[in-house]
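Presented below is the structure to which this report refers.
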Amino acid sequence: MMERILSGVWLCVCIGIAVSIWQMQVPFSYEPVGPKAFPLLLAALMALCSIALIVRPDHQGVDVNPALVGKGAALIGVLLSYALLFSTIGFVVSTALMVVAVSRIFRGSWKTSAVTSVTIALGTFLLFDSVLEVSLPRGTLLN
């Protein structure tokens, strides 16, 4: 029953996302599709998955592990913090902090977490900046 409730809530979120994307005004256009297409596609796919979870037949419930619920809540907090800090402190710093936090949630050592976070943050920044030529925020605090 909990899956259906959460799926219904997520379906409402998907509808809200789709409505807000549909109302978004974009001053430029690409051919043949504009920048709205990908977010709308993702919202539609998430909505379809939610509907599938709502209408599927009942099955035996699974016991909920409180430790996993705590990890999930911590991950949601980390991702929300990442989204809020992304523009303020920049891509490299926010990504490095996010990777360290996620690694520590899953009991990675401090050394491994630090090395991984620097590698991922700098590697993806260089990929987007140099290879793909996509500018990422450097952060208002660092400018």
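Residue numbering for the sequence shown follows the numbering used here, beginning at 10 and increasing consecutively. Every residue, glycine too, gets a C-beta built ideally from N, C-alpha and C. Keep in mind that this is a model prediction, so the values were computed, not measured.
In this structure, V87 places its C-beta atom within 8 Å of the C-beta atom of A110. For V101, the enclosing alpha helix (DSSP H) covers residues 100-114.
Cβ atoms of A56 and I98 stay farther apart than 8 Å, at about 33 Å. With a cutoff of 8 Å on beta-carbon distance, S16 and S59 are scored as near each other. Taking one beta carbon from each stretch, the region 136-143 and the region 112-119 have fewer than 3 pairs nearer than 8 Å; the two do not touch. A76 and V22 have their C-alpha atoms roughly 26 Å apart.
In the structure shown, P48 adopts helical secondary structure according to DSSP, grouped into three states. Burial is judged here by how many other beta carbons sit within 10 angstroms of a residue's own beta carbon; F100 has at least 16 and is buried.
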